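First up is the structure itself, then whatever we jot down about it.
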Amino acid sequence: MKKRVLVSGGAGYIGSHVTVELIAAGYEVVVADNMSNCDMTCFEGVKKITGRDDIPFEKIDCCDSAAVDKLFSDYAIDAVIHFAAFKAVGESVAEPLKYYRNNLLSFLNILEAAKSHSGCNVLFSSSATVYGEAETLPVTESTPRMPATSPYGNTKQMSEDILRDVVFATAKYDGKDGQWPVKGIALRYFNPMGAHPSALIGELPRGVPNNLVPFITQTAIGKRECLSIFGNDYPTADGTCLRDYIDVVDLAKAHVAAVSRMVEGKMKEDYEIFNIGTGRPVSVYELVTAFEKVNGLKLNYKFAPRRPGDVVAIWADTSLANKELGWKAERTLEQTLASAWAWEKHLAENA
Ligand code: UFG
Numbered sequence: 113m114k115k116r117v118l119v120s121g122g123a124g125y126i127g128s129h130v131t132v133e134l135i136a137a138g139y140e141v142v143v144a145d146n147m148s149n150c151d152m153t154c155f156e157g158v159k160k161i162t163g164r165d166d167i168p169f170e171k172i173d174c175c176d177s178a179a180v181d182k183l184f185s186d187y188a189i190d191a192v193i194h195f196a197a198f199k200a201v202g203e204s205v206a207e208p209l210k211y212y213r214n215n216l217l218s219f220l221n222i223l224e225a226a227k228s229h230s231g232c233n234v235l236f237s238s239s240a241t242v243y244g245e246a247e248t249l250p251v252t253e254s255t256p257r258m259p260a261t262s263p264y265g266n267t268k269q270m271s272e273d274i275l276r277d278v279v280f281a282t283a284k285y286d287g288k289d290g291q292w293p294v295k296g297i298a299l300r301y302f303n304p305m306g307a308h309p310s311a312l313i314g315e316l317p318r319g320v321p322n323n324l325v326p327f328i329t330q331t332a333i334g335k336r337e338c339l340s341i342f343g344n345d346y347p348t349a350d351g352t353c354l355r356d357y358i359d360v361v362d363l364a365k366a367h368v369a370a371v372s373r374m375v376e377g378k379m380k381e382d383y384e385i386f387n388i389g390t391g392r393p394v395s396v397y398e399l400v401t402a403f404e405k406v407n408g409l410k411l412n413y414k415f416a417p418r419r420p421g422d423v424v425a426i427w428a429d430t431s432l433a434n435k436e437l438g439w440k441a442e443r444t445l446e447q448t449l450a451s452a453w454a455w456e457k458h459l460a461e462n463a
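What follows is the structure, given as C-alpha cells:
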C-alpha cells in the first residue's frame, strides 16, 4: 500500500515541486491550499508533469481546525508536509498579527490533527532565517539560533519549538483517549530558487518580488526596469551579500528523503533538524553575472543602499543532511539560473 502525504500549501512554489517529487518516488499525495498566495497554474503544471489528473486537491484554510480535522479523517495520512504560511519578511513587520495568527494557528491545527490520528509524521518547512547573523560560518544545525529579526522569522522559530514540544509530549501516548505520538522533522531551507526543468511550475510572486531571483528574471523579461543590488560595501570579496542558493528541485528531493526517513521508521530522534542548502556561498553580484552569462543576456542593474535587516553572509554546513538523509544538492548554479529564466519566458509566452 502506498504511503499518503498531505502537502499543505501544496499549490505554491515549493509545495508544487515537492508534490511532483513525492509522486515520482511512489507516494500518494493530497494537496491542501487556501489559494491565498497562488492560483491553479502550478497545480495544473504538477498534473501535466506527473501525468496524474487524479491528485486530490482540497481547497481549505489550515486555520480552520474543523476543516483540517476532516481532512485527516477523510484520508489516511502517513505524513504531512506543512508549507501553508505567509512568507514576506517586510509584510510581517508591518502586519505582525496577520503573520502570527496565520502561521501559528495553521500549524497548531495540523499538529492537533496529527496527534489525533495514528502514525502521522510532521515535516515543518523552516528557514535559515532562524540563524540570523551567525557568528561562525557555515552554520550547522547546532549553531545557536539568534533572536528573530521579523515576525515572519519568529513564526519559524516558534513553530520549530512547538513541533519539538509536541513530539516530546506525545511520545508517551499509545492511542488511548485518541492521542497518538507525533514525530517531527524541521528542514531549514537556505535560499530556494529556480524552477522545474519542464518550465511548467515555478515561482509566481504577487506584485513586486522581494526575492532576488524573481526580481532578476522579471527585469530580464522587461517587467521591471532595473534590479537594485542592495549594498556593495559589505565585508565580502566583492562587497555584496553571500547566500546559499538551493535549487528548488534539489530542495524538493530533500523533502522526499525526509518523509521516507519518517515513514520508514529510520529517524534517530523523534524530532530532527536538517539544513538544506548547497554548502556553497555565492554573492549577489556573482549570481547576477552568472545569470547573464548562462542565459546570454545583459541585465539592467545598479548598486543601491543596503536593505535593512539583511545579514551579510549565511551558508549551510550540509553534512548532516548528506549523511543522514542520503541527500545532496546536485544541480549546478548555471542549471538553476537557466531554469529560472525558462520559467519566466514560459510565463510570458502563456500570459
Ligand atoms: N537582493 C538584492 N536585490 C533585490 C532582492 C534581493 O540585492 O531586489 C539581495 C538581498 O539584499 C540579499 C540577497 O539578494 O542579499 C538575497 O535576498 P532574498 O530576498 O532573495 O533572500 P533573503 O536571503 O533575504 O531571504 C531568504 C528568504 C527568507 C528567509 C531568509 C533567511 O526569502 O524567507 O532568506 O535568511 F527568511
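Counting with this note's numbering, you get residues 113 to 463 for the letters of the sequence shown. All C-beta atoms in this analysis are idealised placements derived from N, C-alpha and C, irrespective of residue type, glycine included. Every value quoted in this text rests on a predicted model; they were computed, and no experiment measured them.
query, result
"Identity of the residue in Ile189, Ile222 and Tyr413 nearest Ala197 by Cα", "Ile222"
"Inter-stretch contact (C-beta, 8 Å, three-pair minimum) for the stretch 153-161 and the stretch 384-395", "no"
"Range covered by the alpha helix (DSSP H) that runs through Tyr125", "Tyr125 to Ala136"
"Beta bridge counterpart(s) of Pro304 as assigned by DSSP", "Ile358"
"Chain-order list of residues whose beta-carbon lies under 7 Å from that of Lys114 (same chain, five-residue window excluded)", "Gly138, Tyr139 and Glu140"
"CB contact below 7 Å: Leu223 versus chain B", "Annotation note: the requested chain B is absent from the structure, which comprises a single protein chain."
"Any non-hydrogen atom of the ligand UFG within 6 Å of Asp422 CB", "yes"
"Beta carbon of Val279 nearer than 7 Å to that of Met305", "no"
"Spatial distance of His367 from Glu436 (CA atoms)", "13 Å"
"Assumed close pair Lys295, Asp181 - CB separation to whole angstroms, cut-off 8 Å", "The pair is not a contact, with the Cβ atoms about 20 Å apart (cut-off 8 Å)."
"Nonlocal neighbours in the same chain, by C-beta distance under 6 Å from Ala260, ignoring five residues either side", "Asn266 and Gln269"
"Span separating the alpha-carbon of Val98 from that of Asn434", "Residue 98 falls outside the range modelled here, since the chain spans only 113 to 463, and no answer is possible."
"Alpha-carbon to alpha-carbon, Cys174 and Ile126", "17 Å"
"Residue burial classification, Gly421 (beta-carbon count within 10 angstroms, cutoff 16)", "exposed"
"Within 7 Å, strictly: CB atoms of Tyr357 and Asn303", "yes"
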